[in-house]
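K.L.:
One structure, as structure tokens, below. Some questions next.
Residue numbers (this note's numbering), protein chains in the order written: chain H, 11 to 613; chain D, 0 to 382; chain V, 965 to 1292.
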């Protein structure tokens, strides 16, 4: 079958400072196909598509339509060529309603996509009526005439009616009068798609559309995309998830480090081949998950509630406990309270009610028979008994009473001394001053975890600048820490005095994670630690987390990639609308069940 | 029943057409790495350009006097001992005020109230001087004046800072309105102190008293130099300085590491206000009088100097010097050419605006797309 | 006495109203223009230049209605032109060169204050002093005024005003309607809320910011002109006009970025301004302090707005932030 070219990119190059985002990349897109643009984070997929959508001006290269060169210098130009892009961070105005967001930026609504969609569906309807040998009713005709009315004016009610028609045609559910700030992530995505369709887009680019959706929502999205393909539209999906690539696309174009690796038809390739194209060399990447090695509870959260500034509940009655040496995964559609939960525990956010209790284990409590009976000591031992020399766990099982007595009398065995402390109402500094090492890698790295305008050394000081007496800062220690982290985590930076904001995403993350690990945490909370990282860096981070786990650190891991969550975590807590919709064993659950919990359905 | 016609254009959409290419001639990209050398070069060019533009403006209002701007400025600087000391005093005031507002700016607290804080500090000092018993020794009076000025300036600054910390009240306008109220208070107390004229002059107690009148300028100069040194250390080497820069960069990071954001805001702005109070004290102790005009708009200028000096103490010293140079110079030139005192304001503003414009070259790269002209030419040839 | 107060307050209202209407329009597109006080001064300068241009062309005072109208139009045009040029300069710096808006605004305010003083100075040195402008301004002033001998309170309050007085209210309402009920208004609001989203929706962010700032500044400049022509009738009172400019900026916050509310807000500000002037205190010293009541009230207004509008949902989301598309 002859396929018609929709658009071509020829030898596109784009650099940012010294970083080459794209060098000489070419790409063909045919009409009525779904093309996956595959590559690791940082491989230049988004930059390339931003060129096509008019956000970036390329340094060199050209865009061809019907073999002729066209110039796209702004998103408006892109729309005039019927190209629309849905960015990973949605480009919506929060305080506007759905309708306002759709019509904003249009000079008029004549001959735009909605009219084509609407007139086409009316045409089909009239043809159907004719085929049945009937006459259209007056209502039908009036309805149609209303559509043809000039749309130069500004009338949001009329626009809302037109939006409804597009939704009906492609099968979307959208409330035109809902404000964006009240919408869920998938509603926002729907709105973005409707917005581009309303502008009559024939080429639709979606940047990581599935990153924030549940498996169920992904199915729905893919159905819509297939519908659109049937309607003759061309779709480009930017992604790094191989199973989705195999599910939805017709062709796949792979980028690596800003360069084109090649394009293949889906039917002629396999996941293995794609992995190799994407990563370069065949690498053995797997997460080695060990069994949790402790039984002691480390952190206990009871009926935790958090309100936002307006006073609505963000978190409602969250209860769970975190044990030492385990990874507790937290799953949920983004914006369902993950951020607030971590911030509440870390003392950044105010807790409106409930408790956060930290159990400090001192493995150094001596016991004698003067105070306790043998029975009591045996009971204590089940909670934890340790050898005085190497701090290793001592088991009394299989030991005779005499042996036990001897060990205790010789002072060889120490017992757990469980001290509980409430973290409620304490800020991070106060928590630190209690001697609790609570490390936290927040979602917003440069906006919360680090200061972009400061260099690596100064960022190291964030946790420790208060140490030492007197009013002056100590510059020596942070410098050493910075050197260690740059060396051990292989941070690519000109020097330790480089501003953090100038580093690439992966390196920024290494600096942040490195600093928090250097803090020698007993509880370690991480939010989306691999967002924006390439595969190798991601696995470096997973391994670091697993090492911490083996040391007995309790880890809370908020993630969006369900496959990783299932492979990394021991237990998974699912959040939905600020409530716990389930705490499950990660070894005994699958992705779809997690998705159901994320949507608030019970298993 | 009317016949329904369908627009075929809509049912079968027209193919997308290639429109004539219109590339942009200028393309701007963000500058990622700036070397020290480049920074210095841009700065020097910007300062030279700014001076030339000021001279051009003089030439516009008073044709034929382009060169007078430079000769007049230099003359105002070193023309005579008196001129030199006046220039030093202008520099002292500007530098002191810029250094005083610096910590609040570094914290991104737009303190436009430096002027009011100076006035209130000065007023407190003046009131002490006016109403203290003459039997108190002079050095003790001046110390009390100093303390009163520092406390008053600090309190005056603390008011907007408190509401900024507590309710996030817009500090730009709040501090600005506080300036007007400070003016009102000075006029009010002047009428209390001198009901007939409303002039707060001829203060005696605790006023600097040197046999050599040039010494009057040297005391404020030394105090401001000490203030500058203190601020350099405070911002770069202390825990307080570190905290306030974190608060200025991102509030969330400050919260994340447990900095008491409200406390830091209050503390920093009070320090700002207290330093402004010192300037007020120096002014009163030097002149032996106070009026609402002692700062005459220098509050704004100091803000701009702090910002254009990139919050860097050394750059601020240089900028203060240049602005003082221009202020004195254009003042003298305007007087000699009968242009009125407002000419000074224009030159200061133009000088700062030109330097501001050159900031662009520190942050962005400009690329020119020469193809635009080539394409046009080739098309013309075709046609 | 109360009618006098109302009358005086209504007479003062347009300064604040022009200023805040112009500034609101500018701020709605995301530009925080602290140069507004300077732009008001530029309006005064424009008025002076306009008058001298008329004098140059027609040589002397207008004698008939047509001449007076021409004078009015030239003066308004010149003031708006000076304002628009200020807006253009501001936009060039803050849109094209992406300078810090606060610093640019402050520098421009300093410039404006100096500029109108300098212009007045150069007119004065040509022998065109206070009396020269006074005569012309009086003519402009009475152009649209119903007979000055107004009898009842209503006529005194609402009919005995110059043309600019009526313009201020009309412009405020028109701007409110444009912002609320038109496509252009929707686009302006989108640019001010989230420039990145507006850009992605196909709006030319730079164009919108340039246009709103230029038009907004032209409107603000009329505030200065009004003060010069209709309140002070050609007199200059240094140090006053920029103060009004700052209050106009504060008024924008108080009226939650709505120019129709601005009408009420401006009247309230004017009322508070005139209150201590008209109802003086018995003690002269305390009356001095009483004159500063409006500034104190402005602080209270800022406080009240910040306390009761905790959501901060009213200010445009990208206010004061310059936009660069190719941000990485």
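Glycine included, every Cβ here is placed at the ideal spot set by N, Cα and C.
1. Could you give the distance in angstroms between the alpha-carbon of residue 323 of chain D and the alpha-carbon of residue 90 of chain D?
2. Count the other CB atoms, across all protein chains shown, that sit within 10 Å of the CB of residue 277 of chain H; report buried if there are 16 or more and exposed otherwise.
3. Within 8 Å (strictly less), CB to CB, does residue 237 of chain D reach chain H?
4. What residues from the segment 449 to 477 of chain H come within 9 Å of chain D, judged by C-beta to C-beta, listed N to C?
5. Return the CA-CA distance between residue 17 of chain H and residue 85 of chain H, expressed in angstroms with no decimal places.
6. Three Cβ pairs or more, each shorter than 8 Å: is that satisfied between the segment 133 to 152 of chain D and the segment 276 to 283 of chain D?
7. Which parts of the segment 405 to 475 of chain H are runs of the beta strand (DSSP E), unbroken and 3 residues or longer, counting only runs that do not cross its ends?
8. Counting only runs of 3+ residues fully inside the segment 285 to 370 of chain D, write out the beta strand (DSSP E) ranges in chain order.
9. Compare the C-beta of residue 11 of chain H against all C-beta atoms of chain V and say whether one is closer than 8 Å.
10. Taking only three categories from DSSP, how would you classify residue 144 of chain H?
11. Compare the C-alpha of residue 281 of chain H against each of H:262, H:266, H:147, H:41 and name the closest.
12. Residues of the segment 27 to 48 of chain D with a CB closer than 7 Å to any CB of chain H: list them in chain order, please.
13. Starting from residue 1206 of chain V, find everything on chain H with Cβ-Cβ shorter than 7 Å and list it in chain order.
14. Put residue 266 of chain H into one of helix, strand or coil per three-state DSSP.
15. Quick one: which chain D residues come within Cβ less than 9 Å of residue 439 of chain H?
16. For residue 484 of chain H, which residues in the same chain have their Cβ closer than 6 Å to its Cβ, ignoring the five residues on either side in sequence?
17. Return the residues of the segment 347 to 364 of chain H that lie within a Cβ-Cβ distance of less than 9 Å from chain D, sorted by chain order.
18. In three-state DSSP terms, what is residue 519 of chain H?
19. Counting only beta-carbon atoms, is residue 135 of chain D nearer than 8 Å to chain H?
20. Using a Cβ cut-off of 8 Å (strictly closer), state whether residue 164 of chain H contacts chain V.
21. Taking DSSP as the reference, what is the three-state secondary structure of residue 193 of chain H?
22. Going along the chain, which residues of its own chain have a beta-carbon closer than 8 Å to the beta-carbon of residue 245 of chain D, five neighbours each way excluded?
23. Taking Cβ-Cβ distances shorter than 9 Å, what residues in chain H pair up with residue 358 of chain D?
24. Is any heavy atom of the ligand SAH found at a distance shorter than 7 Å from the C-beta of residue 358 of chain H?
25. Taking any Cβ of chain D, which residues in the segment 1176 to 1209 of chain V have a Cβ under 8 Å from it, in chain order?
26. If contacts are defined as beta-carbon pairs under 8 Å, then residue 991 of chain V and residue 1215 of chain V qualify, I think. What distance do you get, rounded to the angstrom?
27. Which complete alpha helix (DSSP H) runs does the segment 129 to 206 of chain D hold, if anything under 4 residues is left out?
28. How would you list, in chain order, the residues of chain D whose beta-carbon sits under 8 Å from the beta-carbon of residue 481 of chain H?
29. Since I believe residue 14 of chain H is in contact with residue 41 of chain H (beta carbons under 8 Å), could you give me their beta-carbon distance rounded to a whole number of angstroms?
30. What are the residues that DSSP puts in a beta bridge with residue 323 of chain H?
31. Label residue 608 of chain H either buried or exposed according to how many other C-beta atoms from any shown protein chain fall within 10 Å of its C-beta, with 16 as the threshold for buried.
32. Could you check if residue 227 of chain H is buried or exposed, using at least 16 other CB atoms within 10 Å of its CB as the buried criterion?
33. Do residue 976 of chain V and residue 1222 of chain V have their C-beta atoms closer together than 8 Å?
34. Distance check for residue 369 of chain D and residue 380 of chain D, CA to CA, integer angstroms please.
35. Does any C-beta atom of chain V lie closer than 8 Å to the C-beta of residue 83 of chain D?
36. Buried or exposed, going by whether 16 or more other CB atoms sit within 10 Å of the CB of residue 382 of chain D?
P.N.:
Straight from the coordinates:
1. 5 Å
2. exposed
3. yes
4. 450, 452, 454, 456, 457, 458, 459, 460, 461, 462, 463, 464, 468, 471, 472, 473, 475, 476
5. 16 Å
6. yes
7. 423 to 432, 448 to 451
8. 363 to 367
9. Interpretation of residue 11 of chain H is limited by its pLDDT of 48, a score under 50 that renders its predicted location unreliable; the figure taken from the coordinates is listed afterwards. For residue 11 of chain H, the answer is no, since every Cβ of chain V falls outside 8 Å of its Cβ.
10. coil
11. H:262
12. 31, 32
13. Those do not exist, as residue 1206 of chain V stays about 33 Å from chain H at its closest Cβ, beyond 7 Å.
14. strand
15. 256, 257, 258, 259
16. 478
17. 353, 356, 357, 358, 359
18. helix
19. no
20. yes
21. coil
22. 252, 253, 256, 258
23. Here the premise fails: no neighbours, minimum Cβ distance about 16 Å.
24. Among the components modelled here there is no ligand, and therefore nothing to report on the ligand SAH.
25. 1207
26. Wrong, their Cβ atoms sit about 11 Å apart, outside the cutoff.
27. 137 to 166, 170 to 192
28. 237, 238, 239
29. 5 Å
30. H:317
31. buried
32. buried
33. no
34. Caution is warranted here: a pLDDT of 43 is assigned to residue 380 of chain D, below 50, making its placement in the model unreliable, and the coordinate value is therefore given only provisionally. Going by the C-alpha atoms only, they are around 17 Å apart.
35. no
36. A caution first: residue 382 of chain D carries a pLDDT of 38, below 50, which makes its placement in the model too unreliable to give a value.
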